[in-house]
Amino acid sequence: DIIPRILSRREWVRIEEGLKQRLQALNLFIDDVYNAQRIVGDGVFPAEVLASSRNFREACRGVHPPFGVWAHICGSDLVRDADGTVYVLEDNLRVPSGVSYMLENRQIMKRLFPELFKSSTILPVDDYPNRLYDTLAALSPREGERPVVAVLTPGIYNSAYFEHSYLAQQMGAYLAEGADFFVSREDIVYLRTISGPQRVDVIYRRIDDEYMDPEVFLTDSTLGIPGLLRAWRRGTVAIANAPGAGVADDKVVYAFVPDIIRYYLDAEPILPNVPTYLCMR
1 DIIPRILSRR EWVRIEEGLK QRLQALNLFI DDVYNAQRIV GDGVFPAEVL
51 ASSRNFREAC RGVHPPFGVW AHICGSDLVR DADGTVYVLE DNLRVPSGVS
101 YMLENRQIMK RLFPELFKSS TILPVDDYPN RLYDTLAALS PREGERPVVA
151 VLTPGIYNSA YFEHSYLAQQ MGAYLAEGAD FFVSREDIVY LRTISGPQRV
201 DVIYRRIDDE YMDPEVFLTD STLGIPGLLR AWRRGTVAIA NAPGAGVADD
251 KVVYAFVPDI IRYYLDAEPI LPNVPTYLCM R
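UniProt numbering puts the first residue of the sequence shown at 1, with every later residue one more than the last.
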């Protein structure tokens with residue numbers, strides 16, 4: 001879209017606070033449903049919805065990822081109605097995509113409308129790759145060493161491959177496919193390089209859960225890394241977003257997000273859902 005969407009600082013601050021609130025609550029929800037399931041026991045979230053979710057992964061039960069965070073990157077779709085109210089349409093917590101196009105669009109905007117950036121106070125976006133790297137590096141299980149970060153891509157035929165390669169280049173991370181990795185007997189993930197095996201601390205995965213590990217999910221997947229879930233469960237490698245995070249972006253779960261926010265944060269949602277009606281009710 002060549003016509004930029006203008007947001008005032010006041011409007012953006014509210015959106016920013018609302019998205020932070022939403023993601024904090026969703027991370028607490030994910031961590032809860034894979035462990036104590038308090039929200040189910042307290043009757044706030046129906047057990048049958050969890051049991052029927054296609055994105056709930058039994059292999060993730062009992063896991064406690066670093067900082068209790070499962071979804072490190074979230075892509076929430078927003079819509080603004082005629083009276084200016086901003087609604088959340090959906091939350092993408094598995095493999096959110098599209099940020100590279102935003103970064104490229106900003107560069108184009110700077111070239112086309114330099115006077116706009118000189119005359120207006122426009123918030124920068126250029127530091128996104130650095131912030132993404134810092135977020136990933138903080139997950140490293142090895143302290144005191146520079147973390148080795150790799151972007152796991154399904155390959156050149158994926159529609160988002162440009163973004164995979166762009167972010168890997170900007171972060172100074174490895175860009176690799178599943179066949180480039182192997183998991184040792186000690187459940188440590190290594191990357192095959194021309195200098196020999198390189199231990200990997202953090203994997204920024206850009207493939208869906210189903211293809212991530214043929215030992216656990218689809219057995220005929222050639223895109224994943226056999227043994228990756230074993231290593232992740234053992235804590236020798238971090239994965240962002242974590243396997244199983246998609247349980248929180250289920251379309252039925254969406255209807256319960258306002259209740260999820262109230263339950264975990266004891267606060268009213270800053271950003272409302274689009275009015276949604278459940279047939280089960």
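Virtual Cβ for every residue (Gly too), placed ideally from N, Cα, C. Here the structure is a predicted model, which means the values were calculated and not measured.
DSSP on residue i, reduced to helix/strand/coil?
| i | result |
| --- | --- |
| N55 | coil |
| R234 | helix |
| V149 | strand |
| G178 | helix |
| I270 | coil |
| I239 | strand |
| Q37 | coil |
| G144 | coil |
| T135 | helix |
| I156 | coil |
| R5 | coil |
| I260 | helix |
| G196 | strand |
Taking its Cβ as the centre, do 16 or more other Cβ atoms sit within 10 Å of residue i, making it buried, or is it exposed?
| i | result |
| --- | --- |
| G155 | exposed |
| residue 313 | The displayed coordinates of the chain run from 1 to 281. Any statement about residue 313 would go beyond what the structure contains. |
| I30 | buried |
| F45 | buried |
| S52 | exposed |
| D134 | exposed |
| residue 290 | The question about residue 290 has no answer, for the chain in this structure spans 1 to 281. |
| D249 | buried |
Compare the C-alpha of residue i against each of the options and name the closest.
| i | options | result |
| --- | --- | --- |
| R230 | S184, L223, A240 | S184 |
| V200 | V149, M212, A59 | V149 |
| F217 | N35, A59, A176, L28 | A59 |
| Q170 | Y161, D180, N130, S159 | N130 |
| I15 | R205, M102, V79, P114 | V79 |
| V13 | L223, L123, P147 | L123 |
Any beta carbon from chain B within less than 7 angstroms of residue i's own beta carbon?
| i | result |
| --- | --- |
| G227 | Although the question refers to chain B, the structure presented lacks it and comprises just one protein chain. |
Spell out a yes or no on whether the segment 65 to 84 and the segment 233 to 248 are touching, meaning 3 or more CB-CB pairs, one atom from each, closer than 8 angstroms.
yes
Jot down the residue ranges of each uninterrupted beta strand (DSSP E) in the segment 55 to 116, minimum 3 residues, whole runs only, in chain order.
75 to 80, 86 to 92
Contact between the segment 245 to 265 and the segment 16 to 34: three or more CB pairs below 8 angstroms?
yes
Count the C-beta pairs between the segment 88 to 97 and the segment 267 to 276 that are closer than 8 angstroms, then say yes if the count reaches three, no if not.
yes
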